[in-house]
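**Q** The sequence shown runs 242 to 553 under my numbering.
Glycine included, each C-beta is placed from N, C-alpha and C at the ideal position.
Here the structure is a predicted model, which is why all the values come from computation and not from measurement.
Got a structure for you, written out below as structure tokens; questions coming shortly.
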Amino acid sequence: MLSVVPTPITVRVPAKVNLHLSVGDARPDGYHELVTVFQALSLTDDVTVMAADEPGLEVKGEGADEVPTGPDNLVWKAVRLLAEHCGRDPENPGLHISINKGIPVAGGMAGGSADAAAALQAVNQLWRLELGRDELSEIAGKIGSDVPFSLQGGTALGTGRGERLVPVLARHTFHWVIALDREGLSTPAAYGELDRLRAENGNGRIGEVEPLLEALASGDPRQLALLLGNDLQAAAVSLRPGLRRTLRAGVQAGALAGIVSGSGPTCAFLCTDADEAVRVAAELSGAGVCRTVRVAHGPVPGAKVVSEEPAN
Ligand code: C5P
Numbered sequence: 242m243l244s245v246v247p248t249p250i251t252v253r254v255p256a257k258v259n260l261h262l263s264v265g266d267a268r269p270d271g272y273h274e275l276v277t278v279f280q281a282l283s284l285t286d287d288v289t290v291m292a293a294d295e296p297g298l299e300v301k302g303e304g305a306d307e308v309p310t311g312p313d314n315l316v317w318k319a320v321r322l323l324a325e326h327c328g329r330d331p332e333n334p335g336l337h338i339s340i341n342k343g344i345p346v347a348g349g350m351a352g353g354s355a356d357a358a359a360a361l362q363a364v365n366q367l368w369r370l371e372l373g374r375d376e377l378s379e380i381a382g383k384i385g386s387d388v389p390f391s392l393q394g395g396t397a398l399g400t401g402r403g404e405r406l407v408p409v410l411a412r413h414t415f416h417w418v419i420a421l422d423r424e425g426l427s428t429p430a431a432y433g434e435l436d437r438l439r440a441e442n443g444n445g446r447i448g449e450v451e452p453l454l455e456a457l458a459s460g461d462p463r464q465l466a467l468l469l470g471n472d473l474q475a476a477a478v479s480l481r482p483g484l485r486r487t488l489r490a491g492v493q494a495g496a497l498a499g500i501v502s503g504s505g506p507t508c509a510f511l512c513t514d515a516d517e518a519v520r521v522a523a524e525l526s527g528a529g530v531c532r533t534v535r536v537a538h539g540p541v542p543g544a545k546v547v548s549e550e551p552a553n
């Protein structure tokens with residue numbers, strides 16, 4: 242008999258924003274070489290796993306209707322890889338998974354990757370696998386480029402396709418306003434558009450990452466604001482021209498700077514402090530340029546167990 246914890250396990254996992262996202266050329270495997278700085282933000286999903294005869298996936302919360310519940314959901318990819326790794330049947334894992342969404346769906350904030358990271362962490366505990374951080378991170382990298390960071394959290398420098406991580410010193414809590422768009426954007430489409438724009442108009446790449454790392458170490462949001470950069474922003478704006486207006490409105494509302502988050506269309510605005518973020522959020526909300534706004538702070542920890550509820 243395989244060992245299973247008899248109670249559901251819930252893992253909370255953060256969204257991410259890329260403070261710096263420098264995209265190189267497409268590699269033969271279709272991925273792009275990246276130099277990126279991730280920061281984990283206080284918008285979170287909760288993923289609960291429990292042993293079940295009838296396997297199932299249930300998604301609740303904002304944007305839940307847009308999340309696939311079939312085998313292509315990244316949580317099932319996480320479960321399959323974990324089952325293969327530990328010699329269980331990947332096609333019959335005997336699990337029910339429930340996701341409560343707080344991270345925007347298809348928003349460039351690694352929501353799907355976060356759920357996969359949470360599932361890895363939760364199933365590791367449910368099946369009493371006791372896999373260490375490095376082993377989980379290696380499996381995470383096979384699921385998707387952002388999954389290792391969702392496990393790790395904090396602030397980190399990512400290279401390769403984003404999966405090779407080194408923690409970065411960030412002394413300060415930074416305060417953000419997050420503007421959610423009405424519709425998601427596809428990540429492959431944003432990378433494809435960047436390749437197209439570069440083939441058409443030449444380069445246009447953001448600079449080196451070192452100055453941003455120094456700003457993070459100093460903890461000064463004003464210095465950090467000057468150095469935020471994202472090569473995918475031009476692609477996201479080209480696919481969704483209305484984002485230009487959103488980015489302008491956030492700065493007009495008093496943010497220090499605004500940036501498209503990852504492949505978009507979510508925009509993230511850095512503010513001087515928590516009170517200012519609440520004020521900017523209220524003003525941006527009234528400007529009618531986005532579906533809704535959220536206030537968040539970072540860095541926060543990566544995927545972690547928040548409860549082992551008694552079974553009922
Ligand atoms: O790794 P992940 O599945 O999250 O990536 C989704 C898609 O984003 C890839 O299929 C690829 O089109 C694009 N991508 C990329 N270069 C990266 C990361 C992602 O081209 N470094």
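Given the structure, does residue 484 come close to the ligand C5P, in the sense that its CB is under 7 angstroms from one of the ligand's heavy atoms?
**A** Incorrect: residue 484 has no Cβ contact closer than 7 angstroms to the ligand C5P.
**Q** Taking 7 angstroms as the cut-off, is the beta-carbon of residue 428 closer than that to any non-hydrogen atom of the ligand C5P?
**A** Yes.
**Q** Pull up the DSSP beta-bridge partners for residue 508, would you.
**A** According to DSSP, which records beta bridges pairwise, residue 508 is partnered with 420, 501.
**Q** Cβ atoms of residue 473 and residue 492: under 8 angstroms apart, would you say?
**A** Cβ atoms of residue 492 and residue 473: not closer than 8 angstroms.
**Q** Within 7 angstroms: the Cβ of residue 387 and any heavy atom of the ligand C5P?
**A** Yes.
**Q** Note down the Cα distance separating residue 571 from residue 468, rounded to an integer number of angstroms.
**A** Missing from the structure shown is residue 571; the chain here goes from 242 to 553 and no further.
**Q** Terminal residues of the continuous beta strand (DSSP E) containing residue 436?
**A** Premise fails: residue 436 lies in the alpha helix (DSSP H), 428-442, not in any beta strand (DSSP E).
**Q** Leaving out the 5 sequence neighbours to the left and right, which residues in its chain are closer than 7 angstroms to residue 360 when beta-carbon positions are compared?
**A** Answer for residue 360: 288, 290, 316, 319, 320, 338, listed in chain order.
**Q** Measure the CB-CB distance between residue 322 and residue 383 and report whether it falls below 8 angstroms.
**A** Yes; because the gap between Cβ atoms is below 8 angstroms, this pair is in contact.
**Q** Can you round the beta-carbon distance between residue 283 and residue 541 to whole angstroms, since I take them to be within the 8 angstroms contact cut?
**A** Residue 283 to residue 541, Cβ: 5 angstroms. Contact.
**Q** Check whether the region 346-363 and the region 404-416 touch, using three or more Cβ-Cβ pairs below 8 angstroms as the test.
**A** Verdict: no, contact absent.
**Q** Do you know whose CA, among 471, 513, 524, lies nearest residue 349's CA?
**A** It is 471.
**Q** With DSSP as the reference, identify every bridge partner of residue 267, one or two as the case may be.
**A** The partner list for residue 267 (beta bridge, DSSP) reads 273.
**Q** Using 8 angstroms as the threshold, is the region 503-512 in touch with the region 455-469, meaning 3 or more CB pairs across them?
**A** Touching, per the Cβ criterion.
**Q** Can you tell which of 264, 307, 260 has its C-alpha closest to the C-alpha of residue 438?
**A** Closest by alpha carbon: 264.
**Q** Quick check on residue 249: buried or exposed, where buried means 16 or more other Cβ atoms within 10 Å of its Cβ?
**A** Residue 249 is buried by the Cβ-count criterion.
**Q** Can you check which of these residues, 351, 269, 547, 374, is closest to residue 279 by C-alpha distance?
**A** Among 351, 269, 547, 374, the Cα nearest to that of residue 279 is on 351.
**Q** Please list, in chain order, all residues of the same chain as residue 423 whose beta carbon is under 7 angstroms from its beta carbon, the five residues on each side excluded.
**A** 532, listed in sequence order.
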